[in-house]
Amino acid sequence: MAKVNVSIPQGTRDFNAETVRKRNYIFNTIRKVFEIYGFQPLETPSMENLETLMGKYGEEGDKLIFKILNNGLDNPDKHLQAKAEFEKVLEGKNNKSITERALRYDLTIPFARYVAMNHGQLTFPFKRYQIQPVWRADRPQKGRYREFYQCDADVVGSNSLLNEVELTNIYATVFKKLGIDVEIRINSRKILAALAEVCGGADKMIDITIAIDKLDKIGLEKVKDELTARGLNAEQILTIEKYLSITGSNEDKLTAISSLFSNSELGNKGIDEIKHVLDNAKSLTQNAERTIQNSNSDDHDVLLTTDVSRIHDSHLVIDFTLARGLNYYTGIIFEIKAIGVQMGSIGGGGRYDDLTGLFGVPNIPGVGISFGVDRIYDVMEELKLFPEAVQSGTKVLFFNLGKAESKIAFDLMQLLREKEIACEMYHETTKFDKQFKYAEKKNIPYIIIIGSKELEENNCVIKHLTTSTQQTIAMNEITNYIFE
RNA sequence: GAGAUUGUAGCUCAGUUGGUUAGAGCGCUAGUUUGUGGCACUAGAGGUCGGGGGUUCGAGACCCCUCAUUCUCCCCA
23 MAKVNVSIPQ GTRDFNAETV RKRNYIFNTI RKVFEIYGFQ PLETPSMENL ETLMGKYGEE
83 GDKLIFKILN NGLDNPDKHL QAKAEFEKVL EGKNNKSITE RALRYDLTIP FARYVAMNHG
143 QLTFPFKRYQ IQPVWRADRP QKGRYREFYQ CDADVVGSNS LLNEVELTNI YATVFKKLGI
203 DVEIRINSRK ILAALAEVCG GADKMIDITI AIDKLDKIGL EKVKDELTAR GLNAEQILTI
263 EKYLSITGSN EDKLTAISSL FSNSELGNKG IDEIKHVLDN AKSLTQNAER TIQNSNSDDH
323 DVLLTTDVSR IHDSHLVIDF TLARGLNYYT GIIFEIKAIG VQMGSIGGGG RYDDLTGLFG
383 VPNIPGVGIS FGVDRIYDVM EELKLFPEAV QSGTKVLFFN LGKAESKIAF DLMQLLREKE
443 IACEMYHETT KFDKQFKYAE KKNIPYIIII GSKELEENNC VIKHLTTSTQ QTIAMNEITN
503 YIFE
């Protein structure tokens with residue numbers, strides 16, 4: 023047979039058993055915390071109407087949306103028309119007769135669409151969480167994939183800053199459970215807007231935010247260059263420089279920013295918001311610890327991290343350079359940075375005042391956060407944070423030593439399975455050597471040997487491979503044996 | 001969209017200024033060993049050197065094109 027070159031599309035991945043288990047550990051942890059905070063699950067389709075997505079993520083974002091080619095373009099009756107329409111696509115315009123659907127780019131916009139569609143039936147404030155893959159036609163590189171999962175939690179229909187506080191707590195709790203040391207960076211779009219206002223041009227806000235967002239990467243001088251390039255004058259840049267030079271503790275920063283924006287109503291509003299969240303999330307670490315300790319300890323999937331030594335502090339840090347690319351944010355914004363690892367943000371979010379307004383249903387404010395599971399996975403892998411116990415596959419392998427023997431083994435296996443002990447039998451009768459190697463390779467900790475001798479004496483040999491110890495017990499005692 | 005990087009056995013990689021039949025380790029298969037694995041020893045299978053073109057007496061190596069990979073910028077999770 024000819025060898026075909028098999029591959030998968032750029033930026034996508036297969037996940038083997040080990041990886042899936044580790045990923046599920048992250049998913050389960052996040053899901054559990056969302057549920058504890060009163061969020062309800064929601065799933066939306068992989069594809070949306072293209073017009074639902076276009077124009078929501080900025081110019082760059084639009085380019086990264088995966089568009090789906092319409093079916094039936096080869097219909098001979100419509101050839102001429104299709105060709106003409108395609109010409110328009112070549113000019114960069116989207117055309118419904120060529121493409122009218124696209125893959126989900128994030129979870130927030132589909133959620134807004136859902137709320138707009140169903141606002142008559144929903145009870146507000148509406149709190150939902152959503153864990154699904156999203157797709158971006160981006161160039162893959164470290165921590166960046168074309169298909170990746172997001173885990174979002176949003177509250178819509180409430181202006182209360184309590185939501186921001188709760189979401190901050192969710193971040194702290196999840197990362198504490200996972201054992202990742204993080205910095206929760208916080209800022210307010212109102213403060214950024216005030217800066218633009220003070221600099222004499224509210225319309226310059228996007229230019230300013232894009233430039234200052236790069237501060238920690240390219241340095242002050244380059245930021246100033248970029249601001250000049252974006253049409254800011256020397257006086258305006260001086261103001262921005264003053265703004266950027268604010269450092270110190272959260273308290274220091276608040277004091278400094280207050281004096282800078284003493285005359286700006288918008289600025290003061292933003293400062294008050296940050297203060298409120300900071301004050302109420304003060305005992306973040308303690309809160310998170312309590313949540314972890316109080317949750318159901320039978321839940322092995324999630325609560326593998328109650329080991330205190332693995333609990334780290336979450337730091338809530340004001341970062342005035344934080345801007346976030348998505349332009350629908352209007353209030354508090356968040357971004358999560360893992361400490362001790364070179365990796366882009368592993369989560370982010372913020373408040374948006376009128377997201378559903380884009381879909382014709384105004385006046386539903388909301389706030390949400392998102393976890394980037396794939397990057398969280400990479401971080402945990404790099405820092406070796408996955409607990410051993412996540413890797414539990416088959417627990418017991420029954421040796422296959424003949425027809426009569428395996429028949430008994432088969433029955434015993436069913437008994438163990440009823441006890442929820444994962445077990446399997448070697449697929450054919452063969453020599454010990456092979457069966458041992460199979461167990462070893464699949465990391466199966468126990469083997470059970472039932473051969474002609476055991477069959478006669480009505481017992482079986484249970485061998486623990488990691489310790490190389492074994493004991494013989496009666497067959498009817500097998501369900502009482504404790505496989506650890 | 002721009003720039004770099006790498007591509008040789010299932011995996012990780014050697015392969016000299018171009019020179020006979022392209023190597024190693026691990027893994028795989030079989031045996032030493034019809035009922036106790038991991039070690040050791042022995043034997044074996046497996047490669048049109050990413051693909052196409054060119055230079056040359058001769059190319060895995062040099063040149064051009066192409067595909068793929070990984071990374072950086074842009075942007076983002």
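When we follow my numbering, the leftmost residue of the first sequence carries the number 23, and every step to the right adds one.
Where is the CB? At the ideal position from N, CA and C, for every residue including glycine.
G369: buried (16+ other C-beta within 10 angstroms of its C-beta) or exposed?
buried
At what residues does the alpha helix (DSSP H) containing E248 begin and finish?
L237 to A251
If you drop the 5 nearest sequence neighbours on each side, which residues of the same chain put their C-beta closer than 6 Å to that of E169?
T34, P155 and W157
Is it true that the CB of G362 sits closer than 9 Å to the CB of D15?
There is simply no residue 15 to check, as the chain begins at 23 and stops at 506 in what is shown.
Just tell me which of L217, T378 and L249 has its CA closest to the CA of K291.
L217
Would DSSP call I333 helix, strand or coil?
Since pLDDT at I333 reaches only 38, below the 50 mark, its modelled position is unreliable, and the value read off the structure follows with that caveat. Residue state, collapsed to three classes: coil.
Local conformation of V383 per DSSP, three classes
Three-state DSSP puts V383 in coil, outside helix and strand.
Label S331 either buried or exposed according to how many other C-beta atoms from any shown protein chain fall within 10 Å of its C-beta, with 16 as the threshold for buried.
Here S331 scores only 35 on pLDDT, less than 50, and its place in the model should not be relied on; the value that follows carries that caveat. It is exposed - the Cβ of S331 has fewer than 16 other Cβ atoms within 10 Å.
Compare the C-alpha of Y136 against each of H486, C445, M497 and F381 and name the closest.
F381
Going by beta-carbon coordinates alone, are F342 and I259 separated by less than 9 Å?
no
Hey, out of T41, V177 and L95, whose CA is closest to G388's CA?
Among T41, V177 and L95, the Cα nearest to that of G388 is on V177.
Rounded C-alpha distance that separates G60 from A303:
So the two alpha carbons sit approximately 18 Å from each other.
Touching by the beta-carbon criterion (3+ pairs, under 8 Å), the segment 103–119 and the segment 189–208:
no
Report yes or no: do three or more beta-carbon pairs, one from the segment 76–88 and one from the segment 423–440, lie closer than 8 Å?
No: fewer than three Cβ pairs fall under 8 Å.
For M435, which residues does DSSP report across the bridge?
Answer is none; M435 lacks a bridge partner.
Using the Cα positions of V395 and N50, report the straight-line distance between them to the nearest angstrom.
11 Å
Please classify Q457: is it buried, with 16 or more other beta-carbons within 10 angstroms of its beta-carbon, or exposed?
buried
What residues match up with H101 in a beta bridge as DSSP calls it?
None, per the DSSP bridge assignment.
9 Å Cβ cutoff met for I208 and I354:
yes
Is it buried or exposed, K359, if we count other Cβ atoms within 10 angstroms and call 16 or more buried?
buried
Please return the same chain residues whose Cβ sits closer than 6 Å to the Cβ of G179, not counting the five positions on each side in sequence.
The answer, listed in chain order, is F146, P147, F148 and I386.
Three-state secondary structure (DSSP) of L260:
helix
Tell me, please, which residues DSSP counts as bridged to M447.
F420
Whole-angstrom distance between Y460 and N498, CA atom to CA atom:
26 Å
Do Y399 and R373 have their C-beta atoms within less than 9 Å of each other?
no
First and last residue of the uninterrupted alpha helix (DSSP H) at F454:
F454 to K463
With 16 other CB atoms within 10 Å as the buried threshold, where does Q152 fall?
buried
With H, G and I counted as helix, E and B as strand and the rest as coil, what does DSSP make of Q154?
strand
Do the segment 442–457 and the segment 414–422 meet, that is, are 3 or more Cβ pairs less than 8 Å apart?
yes
As assigned by DSSP and simplified to three states, the class of Y350
coil
So L75 packs on A124, CB below 8 Å; how close in whole Å?
5 Å
Would you mind reading off the limits of the beta strand (DSSP E) that contains H486?
N481 to H486
Look up K89 in the DSSP assignment and say whether it is helix, strand or coil.
strand
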